[in-house]
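Step one of this worksheet: look at the structure below.
Residue numbers (our numbering), protein chains in the order written: chain A, 308 to 419; chain B, 6 to 118.
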């Protein structure tokens, strides 16, 4: 079983709609969770992080964490063509261990 | 300022060459990382430095040699690489736990010929 799993997509969403990206992880003791956006040929850009159960909102982005279900998601409201990218979920298994484990990424395409 | 600077942006090297990749951050982060990323794959961790000491080596071949001269700088020395080592090499930095949000540099696109 992979440590961090994402649907590779591609996920196509109409412009202006809500894009929903999902990630599951296997290590129940994982403490911190990150979403990175990566445009083709560019480096990953941190867009959200979440440490506690529940929702965390930042502009058009909302991260949701459910530790009981070992599930973290990213919602993008009012999707724009510039949101088209690969979204990487990353998990830090333990506090005190600076090792990020990445999922394989979900390719998101926003259709104008 | 959430900037991590990597040089060079592109590098082409022969299998007998020796080259170095450089990374710099001025965010006061005490953890620095090297990742390798192949096309359409997620980043793979290579090395982690915490307080300028090597804390994680993910069984990386010795032809890759990391160095952390001070808390702001991280180098990756390359020697006798193989064509399959061609990839995007990413440097990142973060505070130590619990605030471990890692910020990536723009990467060095390495081609081994």
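Virtual Cβ for every residue (Gly too), placed ideally from N, Cα, C.
Quick check: the segment 387 to 394 of chain A against the segment 26 to 44 of chain B, are at least 3 beta-carbon pairs closer than 8 Å?
They do not touch, by the three-pair rule.
Find the nearest neighbour of residue 410/A within the set 16/B, 42/B, 10/B, judged by alpha-carbon distance.
Looking up residue 410/A in the first chain gives position 103. Closest option to residue 410/A, Cα to Cα, is 42/B.
Which of helix, strand or coil does DSSP assign to residue 91/B?
Numbered from 1 along the second chain, position 86 holds the residue referred to as residue 91/B. In the structure shown, residue 91/B sits in coil (DSSP, three-state: anything other than H, G, I, E or B).
So, residue 22/B versus residue 78/B, is the Cβ gap smaller than 9 Å?
The residue given as residue 22/B occupies position 17 in the second chain. The residue given as residue 78/B occupies position 73 in the second chain. Result no, Cβ atoms of residue 22/B and residue 78/B do not sit closer than 9 Å.
So residue 332/A and residue 377/A are in contact, right, with Cβ under 8 Å, and what is the actual spacing, rounded?
The sequence position of residue 332/A within the first chain is 25, counting from 1. The sequence position of residue 377/A within the first chain is 70, counting from 1. At roughly 5 Å, the Cβ-Cβ gap stays under 8 Å, so residue 332/A and residue 377/A are in contact.
Against residue 351/A, what residues of chain B qualify as contacts under a CB-to-CB distance less than 7 Å, listed in chain order?
For the purposes of this step, residue 351/A is taken as the residue at position 44 of the first chain. Near residue 351/A (Cβ distances below 7 Å), the residues of chain B are 48, 109.
Suppose contacts are defined by Cβ-Cβ distances below 9 Å. Is residue 26/B in contact with residue 62/B by that definition?
In the second chain, counting from the first residue as 1, residue 26/B sits at position 21. In the second chain, counting from the first residue as 1, residue 62/B sits at position 57. Result no, Cβ atoms of residue 26/B and residue 62/B do not sit closer than 9 Å.
Identify whether residue 315/A lies in helix, strand or coil by the three-state DSSP scheme.
By 1-based counting over the first chain, the position of residue 315/A is 8. Three-state result, residue 315/A: coil.
For the segment 51 to 69 of chain B, list every residue whose C-beta sits within 8 Å of some C-beta in chain A, in sequence order.
So the close ones are 53, 55, 60, 61.
With a Cβ-Cβ cutoff of 9 Å, do residue 101/B and residue 64/B count as a contact?
Counting from 1 along the second chain, the entry for residue 101/B is found at position 96. Counting from 1 along the second chain, the entry for residue 64/B is found at position 59. Against a cut-off of 9 Å, the Cβ pair of residue 64/B and residue 101/B comes out as no contact.
Using a Cβ-Cβ cutoff of 7 Å, what residues of the segment 390 to 416 of chain A are near chain B? List them in chain order.
Listed in sequence order: 395, 399, 402, 403, 405, 406, 407, 409, 410, 411, 412.
Give the DSSP bridge partners of residue 96/B, in chain order.
Residue numbering aside, residue 96/B sits at position 91 when the second chain is read from its first letter. For residue 96/B, which the question treats as bridged, DSSP gives the partners 39/B.
Is it right to say residue 414/A is buried, meaning 16 or more other beta carbons lie within 10 angstroms of its own, or is it exposed?
What you label residue 414/A is simply residue 107 of the first chain in a count that begins at 1. Buried, since its Cβ has 16 or more Cβ neighbours within 10 Å.
Go to residue 266/A, then tell me how far its beta strand (DSSP E) extends in each direction, as first and last residue.
Within the shown structure, residues of chain A are numbered from 308 to 419, placing residue 266/A beyond reach of any answer.
Scan the segment 355 to 419 of chain A and note each continuous beta strand (DSSP E) run of 3 residues or more that stays entirely inside, going in chain order.
Taking only runs of at least 3 residues, the beta strand (DSSP E) segments lying wholly in the segment 355 to 419 of chain A are 361 to 365, 368 to 373, 378 to 383, 392 to 399, 413 to 418.
Excluding the five sequence neighbours on either side, which residues of its own chain have a C-beta within less than 7 Å of the C-beta of residue 112/B, listed in chain order?
Taking the first residue of the second chain as position 1, residue 112/B is located at position 107. The residues are 11, 93, 94, 95.
Report the partner residues of residue 145/B according to the DSSP bridge assignment.
Here chain B has residues from 6 to 118 only, and residue 145/B is not among them.
Just to check my reading of the structure: residue 44/B and residue 68/B have Cβ atoms closer than 8 Å, yes? What is that Cβ distance to the nearest angstrom?
Counting from 1 along the second chain, the entry for residue 44/B is found at position 39. Counting from 1 along the second chain, the entry for residue 68/B is found at position 63. Not confirmed; about 21 Å, so no contact.
Starting from residue 326/A, trace the beta strand (DSSP E) both ways and give me its first and last residue.
Taking the first residue of the first chain as position 1, residue 326/A is located at position 19. Start and end: 326 to 332.
In terms of residue numbering, what span does the beta strand (DSSP E) encompassing residue 335/A cover?
For the purposes of this step, residue 335/A is taken as residue 28 along the first chain, with counting starting at 1. From DSSP, residue 335/A is part of no beta strand (DSSP E); its letter is neither H nor E.
Grab me the residues of residue 16/B's own chain with a C-beta within less than 8 Å of its C-beta, minus the 5 sequence neighbours each way, in chain order.
Here residue 16/B is taken as the residue at index 11 of the second chain, counted from 1. 24, 26, 113, 114, 115, 116.
Just the C-alpha distance for residue 337/A and residue 398/A, rounded to the nearest angstrom, thanks.
Here residue 337/A is taken as the residue at index 30 of the first chain, counted from 1. Here residue 398/A is taken as the residue at index 91 of the first chain, counted from 1. Rounded to whole angstroms, residue 337/A to residue 398/A spans 7 Å at the Cα level.
Less than 9 Å between the beta carbons of residue 319/A and residue 416/A, yes or no?
Sequence index remark: in the first chain, residue 319/A carries index 12 (1-based). Sequence index remark: in the first chain, residue 416/A carries index 109 (1-based). Yes. Within cutoff.
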